[in-house]
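To start, the structure itself, in structure tokens.
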Ligand code: FAD
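Numbering (UniProt numbering), first residue to last: 19 to 495.
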């Protein structure tokens, strides 16, 4: 009887404990992916993430063929479909790597119970985080609410386990006859946009899959990690790893990232302990977000600081459109939003600037911004997205206080000092001198007239004052 490996957010062969377990069992293996649009009622995959998934599945299929296996793809409600597929295959066992988001957990628990009831073994493994949420706890056994304390406790647990090698061969089981009706080609999932095809920029920027992710990781730890600690806040420099979509879809595991970065630094590859420490702690933020959502699933859509439930958020379609389309009149905000639209990714510092601008200067609900990011980011991840939005908006765990309002002009002058990032993503501003690249309204009118670029949609001082007044009106603020 075969063993089924159910792939989900772990689209890789190396350091894949579920796959390694299946191979070690000596049984023939059926590799399965289920696209579950029904997941949508809670959290649909956004457009950009769907585009990524399409490429990721094609890459995984090809990688599996190379080791002798076949990727079977099905579409439907996983909670009913997976037990059905298990029964039709006459499988002895089903294995997967654990996920931690509220809907994923609920689905997996239900499926495990059903298949076990049918006498089939079901095993799950840790693969997507450095530390599973329930393992890092305060002395009294509670979940941490402060990142620095969580990180200290996580570090004290020692190094994460070393990654597993990719299996050299995966003995494929013949596909069960009944699966032919259930399984579809990747094309049939309809994950890529057709008309209009808005994914040209994504195709130019990324190639999903394990091989490219490993290259990106290797390139970063050997050539990019030196200087990361100082340069990571500079959107004009290629200073960060850009591994977020690879981590989101599991082309690399955080353990692989951790150990490869540590080995490069210990091997004397130019980066120092400070660069390494900073990079690992960013990786830690990813786990921390997972653990916060695990402890409080309601944070998916509810404010951690509930006094924000009474916040008089504005509902202004014109302002929202201007923000989404990169037409706010603030060059750094517009550059970020256009980078996001064109490439499905935005630099972290700029994510903070645009999120602060939306929730403070425009006084709009963080959930509106989170939904836009969810639809447009290739790395869109429930935990990281929700926790970071709440953090910027001031209503989250261990958040920056609401009254700390980022000034987009000062931020831009500090982190994009020559205006190179703005010139790249807002090319109509490219002719402006650096002295006014972040404040086009101060430019010589003769130059300004030649540039078709909107005036600011909100006055920075006025917007800030409006936000603070709204916040002061909350009880408990
Ligand atoms: P690097 O600097 O190279 O960091 C390495 C890895 O650490 C990243 O790939 C990522 O997995 C993790 N990481 C770094 N910073 C954070 C952080 N603040 N929170 C959680 N993990 C982090 N990241 C997502 O992966 N998905 C999201 O949906 C997402 N939404 C965000 C929304 C907002 C409003 C903000 C401010 C940040 C968001 N982030 C999100 C976090 C962060 O911006 C990205 O992870 C980072 O920019 C990815 O670039 P990188 O891989 O080059 O990062």
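Every residue, glycine too, gets a C-beta built ideally from N, C-alpha and C.
Since the structure is predicted, the reported quantities are computational estimates derived from the model, not experimental observations.
Check: Taking 8 Å as the cut-off, decide whether the C-beta atoms of residue 367 and residue 433 are in contact.; Outcome: yes
Check: Would you give the residue range spanned by the alpha helix (DSSP H) that residue 447 belongs to?; Outcome: Run containing residue 447: none; DSSP gives neither H nor E here.
Check: Just reading off the beta strand (DSSP E) that residue 112 is part of, what are its end residues?; Outcome: 111-115
Check: Whose C-beta lies closer than 6 Å to the C-beta of residue 259 among residues of the same chain, with five residues either side of it excluded?; Outcome: 238
Check: Between which two residues does the alpha helix (DSSP H) harbouring residue 93 extend?; Outcome: That residue, residue 93, is in no alpha helix (DSSP H); its beta strand (DSSP E) goes 89-93.
Check: I believe residue 294 touches residue 53 by the beta-carbon criterion, under 8 Å. Please report the beta-carbon distance rounded to the nearest angstrom.; Outcome: With a Cβ gap of about 37 Å, residue 294 and residue 53 do not count as contacting.
Check: Got a sec: does ligand 1 put a non-hydrogen atom nearer than 7 Å to the Cβ of residue 234?; Outcome: no
Check: So is the beta-carbon of residue 300 under 7 Å away from any non-hydrogen atom of ligand 2?; Outcome: For the structure depicted, ligand 2 is absent and the ligand set comprises only ligand 1.
Check: What are the partner residues of residue 190, as DSSP defines its beta bridges?; Outcome: 47
Check: Buried or exposed: which applies to residue 429, given that a residue is buried once 16 or more other Cβ atoms fall within 10 Å of its Cβ?; Outcome: buried
Check: Less than 8 Å between the CB atoms is what I'm expecting for residue 304 and residue 272, so what's the real figure, rounded?; Outcome: 7 Å
Check: If you draw a straight line from the alpha carbon of residue 140 to that of residue 289, how long is it in whole angstroms?; Outcome: 43 Å
Check: Output the distance between the C-alpha atoms of residue 321 and residue 408, rounded to the nearest integer angstrom.; Outcome: 7 Å
Check: I'd like to confirm something about residue 397: is its beta-carbon nearer than 7 Å to some heavy atom of ligand 1, or not?; Outcome: yes
Check: Under 7 Å: does the beta carbon of residue 262 sit that close to some heavy atom of ligand 1?; Outcome: yes
Check: What I want to know is whether the C-beta of residue 366 ends up closer than 7 Å to one or more non-hydrogen atoms of ligand 1.; Outcome: yes
Check: Does residue 405 pass the burial test, meaning 16 or more other C-beta atoms within 10 Å, or should it be called exposed?; Outcome: buried
Check: Please confirm whether residue 444 and residue 356 have their CB atoms less than 8 Å apart.; Outcome: yes
Check: How about residue 427 and residue 374: are their beta carbons less than 8 Å apart?; Outcome: no
Check: For residue 117, which residues of its own chain have a beta-carbon under 8 Å away from its beta-carbon, when the five flanking residues on both sides are left out?; Outcome: 26, 27, 123, 126 and 146
Check: Looking at the unbroken beta strand (DSSP E) that takes in residue 365, where does it start and where does it end?; Outcome: That residue, residue 365, is in no beta strand (DSSP E); it is neither H nor E in DSSP.
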